[in-house]
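Worksheet for the structure shown next.
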Amino acid sequence: MTRLLVVGSINMDYVFEASCLPRNGETLGGQSFRRTPGGKGADQAVAAARLGAETWLVGCTGDDAEGHGLLDHLRAEGVCTDHVATTVDAPTGAAAVFACQGESAVTVVPGANHRLTPAHVRTAETLFARSDMVLAELGIPMAAAMEAAALAHRFGKPFLLTASPAGAIPPELLQRVNLFLTNQHELMMGFGDGQTEWRALLAKWPGRIVVTRGDEGAAHVDGQGTLHEQPAFRVPVLDTTGAGDAFAAALAVHWALGIPQAMRMACAVAAMAVRGFGSQSTLPTRQELWDFLENAG
Ligand code: RIB
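Its first residue numbered 103, the sequence shown is counted upward by one per residue in my numbering.
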């Protein structure tokens, strides 16, 4: 069984569904509202646990009803939360998700996620030693992500970073990441110069980046400079929120297959995830993934 350590954010998502996304100054009548568990770290941890990995999460929630509810939910999903801190200084992270016919726009207020400190990450040192690999993302302070990278490096564990939310990545972190997971926008923001197109950017970082391209699938240039492209699986899309997190977790769980084959599994899991509202509602189990792949041919 793969042992995955995830260091990342935990949010309550407030999902508003309407026939289009709201514009500036507009009050729009919606069709549905849901309060669902989210946050990139929690999404990745739940996705990995459903796929059968032993999963530990390091993060921080507020000492409030949302935080307690999210921790109960994570435990019920089989995620170990022994190293999730609780703070009284900030509310649990919250995301407003506006969803419309497969498109979405998200505003995140990090709250307690931004109280995660390097010292707290260090309390999970034994988990770094026991894990097969470490996943992190940037919904937590950069200092906490850098500590996670340093510990993964110290124990010789592959460190996979979802470079989201998009932004510049400090050189010390760049050096420590074995594989970056980005969407095309984040690739341009984190690695681009405003001119170079995505394939050329991947080629500049051989073996270091997997880019997700929405309904175009995913791509990777390996260490020998060969471009691998995995087409997306065609499914009816309800809500794309969290698809990148589902992809990241599935890629990590199937890491031993090699990146091209792991990208196929990850594209399948991401496709299954976008068939329902909320970032965790339709994440598949291992058996559901196999059934999906069998039917996909
Ligand atoms: O990646 C999806 C997640 O990003 C959502 O669950 C939301 O919480 C935001 O952080």
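Glycine residues also receive a C-beta, built at the ideal position from the N, C-alpha and C atoms.
1. In this structure, what does DSSP give as the bridge partners for W158?
2. What I want to know is whether the C-beta of T342 ends up closer than 7 Å to one or more non-hydrogen atoms of the ligand RIB.
3. Can you round the beta-carbon distance between G213 and G195 to whole angstroms, since I take them to be within the 8 Å contact cut?
4. Less than 8 Å between the C-beta atoms of V313 and A321, yes or no?
5. Only counting the same chain, and skipping five residues up and downstream in sequence, which positions put a Cβ closer than 7 Å to that of A207?
6. Closer than 7 Å to a non-hydrogen atom of the ligand RIB - does that hold for the CB of A197?
7. Please report the Cβ distance between T157 and V186, rounded to the nearest whole angstrom; I am assuming they are in contact, meaning their Cβ atoms lie under 8 Å.
8. Can you tell me which of the three DSSP states P139 falls into?
9. Could you compute how far the alpha carbon of A345 sits from the alpha carbon of V190?
10. I'd like the list of long-range same chain contacts for G309, defined as Cβ closer than 7 Å, with 5 residues on each side in sequence excluded.
11. Over the uninterrupted beta strand (DSSP E) stretch that includes G195, give me the two end residues.
12. Should V160 and L107 be called a contact, given that it needs their Cβ atoms to be closer than 8 Å?
13. Could you give the DSSP three-state label for E239: helix, strand or coil?
14. Verify whether the separation of the beta carbon atoms of L263 and A354 is less than 8 Å.
15. Would you kindly work out how many angstroms separate the C-alpha atoms of I311 and T284, rounded to a whole number?
16. Please state whether DSSP places H356 in a helix, a strand or coil.
17. Residue range of the alpha helix (DSSP H) that D393 falls in?
18. By the DSSP assignment, the beta strand (DSSP E) with I311 in it spans what residues?
19. Could you give the first and the last residue of the continuous alpha helix (DSSP H) run that contains T228?
20. I need the straight-line Cα distance from M291 to L240, nearest angstrom please.
21. Using DSSP with H/G/I as helix, E/B as strand and the rest coil, what is Q286?
22. Less than 8 Å separating the beta-carbons of N215 and S111?
23. Quick one: is the Cβ of G171 within less than 7 Å of any heavy atom of the ligand RIB?
24. Thinking just about the alpha-carbon of each residue, which of T343, A197 and N280 is nearest to the one in D115?
25. Is the CB-CB distance between V414 and F349 below 8 Å?
Walking through what the data contain:
1. L107 and C182
2. no
3. 5 Å
4. yes
5. L123 and F200
6. yes
7. Actually they are not in contact, since the Cβ atoms of T157 and V186 sit about 12 Å apart, beyond 8 Å.
8. strand
9. 31 Å
10. D324 and G325
11. G195 to C202
12. yes
13. strand
14. no
15. 7 Å
16. coil
17. R388 to A398
18. I311 to T314
19. E227 to R232
20. 14 Å
21. helix
22. yes
23. no
24. A197
25. Residue 414 is absent from the structure shown; the chain starts at 103 and stops at 399.
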